[in-house]
Amino acid sequence: MSENMVMSARNLASGYDGRIIIPDMTMTIPAGKISVLIGANGCGKSTLLKAFCRLNRVYAGTITLGDRDIRDYGPKEYARSVGMLPQSPAVPEGISVRELVTRGRFPYRQPLKGLAAADYQAVDRAIAVMGIEAIADRNVDELSGGQRQRVWIALSLAQETDILFLDEPTTFLDISYQIEILELLVRLNRENRTTIVMVLHDINLAARYADYLFAMKQGQLIREEKPADIIDEALIREVYGMESRIITDPVYGTPNVIPVGNPSLLRE
Amino acid sequence: MSPDAARRRRRWNTAVIVTAVLTVLLAGAMLCCGNTFYGPAVVFRVLRGEMISSASYAILQLRLPRMLGAVFSGMAFGMAGFVFQTVLRNPLASPDVIGISTSTSAAAVFCISVLGLQGIVVPAVSVVTGLCVSLIIYLLAARNGFSHARMILIGIGVQAMLGAVISWVLSRTSEYDVANTMRWMNGSLTNARMQESLTVMAVAVLGAVFLFSRREAMRLIELGDAYAETLGGNIRRLYPQVIAAAVLLVAFATAAVGPVSSVSFLAGPIASRISGRSRSTLIPSALAGAVLVLAADLIGQFLMPARYPAGVITGLLGGPYLLYLLVTINRKGETA
Chain R
22 MSENMVMSAR
32 NLASGYDGRI
42 IIPDMTMTIP
52 AGKISVLIGA
62 NGCGKSTLLK
72 AFCRLNRVYA
82 GTITLGDRDI
92 RDYGPKEYAR
102 SVGMLPQSPA
112 VPEGISVREL
122 VTRGRFPYRQ
132 PLKGLAAADY
142 QAVDRAIAVM
152 GIEAIADRNV
162 DELSGGQRQR
172 VWIALSLAQE
182 TDILFLDEPT
192 TFLDISYQIE
202 ILELLVRLNR
212 ENRTTIVMVL
222 HDINLAARYA
232 DYLFAMKQGQ
242 LIREEKPADI
252 IDEALIREVY
262 GMESRIITDP
272 VYGTPNVIPV
282 GNPSLLRE
Chain U
-19 MSPDAARRRR
-9 RWNTAVIVTA
1 VLTVLLAGAM
11 LCCGNTFYGP
21 AVVFRVLRGE
31 MISSASYAIL
41 QLRLPRMLGA
51 VFSGMAFGMA
61 GFVFQTVLRN
71 PLASPDVIGI
81 STSTSAAAVF
91 CISVLGLQGI
101 VVPAVSVVTG
111 LCVSLIIYLL
121 AARNGFSHAR
131 MILIGIGVQA
141 MLGAVISWVL
151 SRTSEYDVAN
161 TMRWMNGSLT
171 NARMQESLTV
181 MAVAVLGAVF
191 LFSRREAMRL
201 IELGDAYAET
211 LGGNIRRLYP
221 QVIAAAVLLV
231 AFATAAVGPV
241 SSVSFLAGPI
251 ASRISGRSRS
261 TLIPSALAGA
271 VLVLAADLIG
281 QFLMPARYPA
291 GVITGLLGGP
301 YLLYLLVTIN
311 RKGETA
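For the protein sequence lines, the chains are R and U, in the order given.
Per my numbering, residue 22 is the first one in the first sequence, and the count goes up by one each step.
Per my numbering, residue -19 is the first one in the second sequence, and the count goes up by one each step.
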């Protein structure tokens, strides 16, 4: 894979339906790293993700990929550099895992031509990396949620982008699948140097797997740093408006957030 | 390739070959059968340009335009239905259910009866009307956030309104014009004329090439608009392009043989049922449309106690399928 392209936003204002959710955002996505966006519901995490993927309007400012404005890229050209896995994509009926993964090759295809050798190779490689060879001929609509998520990530892999955005890739998965998916993404990042940017709701998992955390509140970036450097009780109070205690994860040494809540409700 | 993938591919290939062969056989039958039966040998000689008294007239002047009209309008209806059902992600959303086909008929009837127009200008006005009505239905459905279900309901409402427009225009039409306007109202191949058949042939071929070049992009739509966009599908350009192509196909097919009911509605689901979904069902849908129109016309002409127009036969299939869809969709608890 080529040298990772740097993606950054400068004085970005974005939103949808004429509503500005993010008024003024300046940030650079660390190339070749795993970045996680955290923040309360409605703080603009998904809006920001979609702006980077050209799904939301840019009302002011710019987003650049490499040295070009992202609006100057052709649709397929952009899709060869930047991929996105939406939160809960529609599951098409009656198509096999392999066929679905092959959709990731669309940006490389010519309108009137069939699949090329490179397309078959990329699909095989993606299926192997995600360990889904055994289910490659099953119909996608028969799979469990965890298996399905592997298939979607395989699709993104087949797309062979420098940067991959994921909107809450672990939602609706039980805890063991959450860990499995996140570890696959870490491997992807380490082995292919794919830049990964994702929204996660579980702040403890975010602290464990992220190289960088971006904490957002009301469309603003509050802090961006390595998880160990920014997660403290003050930050959690500011981002989520909630009291907490921070302990150290006994396995990874990363910060772990314990919400205080209202202890008198449960224990006398 | 794994055995399962090979089996899926074989199924698709078989479906295409079978429907294509069926199309050719039925088209051939249409040239052979009529008031007088002529064998394939005679038909071939006539098609090669030999003059055979009586046979030449019947085959070249009557049966050939009818056959070409049936094949290519069937393909056009089939592809148009495929496009609408794919873009709107709903089997109910075919142009003959949501008022697009009716709008082209209403425009044509109005042009002929009220404005006294004739010739190519009639289908041209139909196309423009079809596009405008598609846009109006879309804009109405897009208020307060686009909803596919609302679009279909609005389309059904528009369908009813346009039906009323047609009745009103007809009620004040002179007897001479009624014959002309009927072409636009009943799907019948009895009056197929060479000029319209050749036109729909050209439109169907051009439409097929264009839609074929967009077939993979259309397959991305089922993943959702946002996902399709991030995969490079350029959905905002794709939608107007393929919808315009579909309206064009419907309008010219209707100009040639009338609104043969339910062909658009049935072709896509039949195609995906027989070919599977391992590849785009655009081509199987076109062939299924052709087979439907050819078979319906042959059945209506020769297998019924009286001669029925093709649209009556296809309508007999479409009605129950519509009911079936409505019942099963309700059972699944979906909102259409």
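Note that beta-carbon positions come from the ideal geometry of N, C-alpha and C, so glycine has one too.
Every value quoted in this text rests on a predicted model; they were computed, and no experiment measured them.
Cβ-Cβ separation, residue j to residue i (assumed contact under 8 Å), whole Å
| i | j | result |
| --- | --- | --- |
| residue 27(R) | residue 87(R) | 7 Å |
| residue 136(R) | residue 79(R) | About 34 Å separates the two Cβ atoms, so there is no contact after all. |
| residue 171(R) | residue 151(R) | 5 Å |
| residue 248(U) | residue 61(U) | 5 Å |
| residue 55(R) | residue 230(R) | 6 Å |
| residue 291(U) | residue 168(U) | 6 Å |
| residue -4(U) | residue 263(U) | 6 Å |
| residue 200(R) | residue 210(R) | Not a contact, Cβ separation roughly 16 Å. |
Cross-chain neighbours of residue i in chain U, by beta carbon under 7 Å
| i | result |
| --- | --- |
| residue 120(R) | 258 |
Within chain R, the residues that residue i reaches when beta carbons sit closer than 8 Å
| i | result |
| --- | --- |
| residue 304(U) | The contacting residues do not exist; residue 304(U) stays about 17 Å from chain R at best. |
Residue closest to residue i, alpha-carbon to alpha-carbon, out of the options
| i | options | result |
| --- | --- | --- |
| residue 13(U) | 239(U), 279(U), 295(U), 297(U) | 279(U) |
| residue 197(U) | 84(U), 216(U), 58(U) | 216(U) |
| residue 87(U) | 111(U), 73(U), 70(U) | 111(U) |
| residue 43(U) | 55(U), 26(U), 265(U) | 26(U) |
| residue 100(R) | 128(R), 73(R), 89(R), 123(R) | 128(R) |
| residue 225(R) | 196(R), 75(R), 104(R) | 196(R) |
| residue 179(U) | 106(U), 48(U), 128(U) | 48(U) |
| residue 184(U) | 170(U), 160(U), 236(U), 307(U) | 236(U) |
| residue 4(U) | 287(U), 270(U), 294(U), 67(U) | 270(U) |
| residue 232(R) | 240(R), 102(R), 203(R), 242(R) | 203(R) |
| residue 95(R) | 205(R), 30(R), 74(R) | 74(R) |
| residue 232(U) | 55(U), 300(U), 145(U) | 55(U) |
| residue 154(R) | -15(U), 144(U), 296(U), 259(U) | -15(U) |
| residue 41(R) | 227(R), 131(R), 64(R), 157(R) | 64(R) |
| residue 126(R) | 85(R), 177(R), 163(R) | 177(R) |
| residue 128(U) | 53(U), 177(U), 69(U), 186(U) | 69(U) |
| residue 66(U) | 31(U), 261(U), 254(U) | 261(U) |
| residue 241(R) | 37(R), 251(R), 181(R), 45(R) | 45(R) |
| residue 2(U) | 301(U), 281(U), 30(U), 272(U) | 272(U) |
| residue 194(R) | 124(R), 287(R), 165(R) | 165(R) |
Contact set between residue i and chain R, taken where Cβ atoms lie within less than 9 Å
| i | result |
| --- | --- |
| residue 206(U) | 71, 74, 76, 105, 107, 110 |
| residue -15(U) | 117, 119, 120, 157, 158 |
| residue -18(U) | 119, 157, 158 |
Whole-angstrom distance between residue j and residue i, CA atom to CA atom
| i | j | result |
| --- | --- | --- |
| residue 37(U) | residue 104(U) | 31 Å |
| residue 244(R) | residue 225(U) | 50 Å |
| residue 58(U) | residue 45(U) | 19 Å |
| residue 183(R) | residue 215(R) | 5 Å |
| residue 123(U) | residue 135(U) | 14 Å |
| residue 93(U) | residue 158(U) | 8 Å |
| residue 306(U) | residue 204(U) | 23 Å |
| residue 140(U) | residue 266(U) | 27 Å |
| residue 191(U) | residue 168(R) | 34 Å |
| residue 90(U) | residue 83(U) | 10 Å |
| residue 298(U) | residue 242(U) | 5 Å |
| residue 63(U) | residue 126(U) | 18 Å |
| residue 162(R) | residue 113(R) | 7 Å |
| residue 220(R) | residue 249(R) | 18 Å |
Within chain U, partners of residue i - CB distance below 8 Å
| i | result |
| --- | --- |
| residue 124(R) | 199, 200, 203, 211 |
| residue 133(R) | 192, 193 |
Under 9 Å from the C-beta of residue i: neighbouring residues of chain U
| i | result |
| --- | --- |
| residue 190(R) | Chain U residues near residue 190(R): none, gap ~14 Å exceeds 9 Å. |
| residue 100(R) | 209, 210, 211, 212, 213 |
| residue 276(R) | The contacting residues do not exist; residue 276(R) stays about 32 Å from chain U at best. |
| residue 113(R) | 199, 202, 203, 257 |
Residue i burial status per 10 Å Cβ neighbour count (16 or more: buried)
| i | result |
| --- | --- |
| residue 16(U) | exposed |
| residue 235(R) | buried |
| residue 284(R) | exposed |
| residue -8(U) | buried |
| residue 99(U) | exposed |
| residue 142(R) | exposed |
| residue 245(U) | buried |
| residue 313(U) | With a pLDDT of 45 at residue 313(U), under the threshold of 50, the modelled position of this residue cannot be trusted; read the value that follows with caution. Its Cβ having fewer than 16 others within 10 Å, residue 313(U) is exposed. |
| residue 41(U) | exposed |
| residue 175(U) | exposed |
| residue 164(U) | buried |
Contacts that residue i makes with chain R (C-beta to C-beta distance below 7 Å)
| i | result |
| --- | --- |
| residue 196(U) | 127, 130 |
| residue 123(U) | Residues of chain R passing the Cβ test: none, with the nearest at roughly 12 Å. |
| residue 130(U) | None at all; the shortest Cβ gap to chain R is about 17 Å. |
Contact list for residue i against chain B, beta-carbon separation under 7 Å
| i | result |
| --- | --- |
| residue 97(R) | Structure shown: chain B not included; protein chains present are R and U. |
Cβ-heavy atom distance, residue i to the ligand NAD, below 6 Å
| i | result |
| --- | --- |
| residue 45(U) | In terms of ligand content, the structure shown is empty, and the ligand NAD therefore cannot be addressed. |
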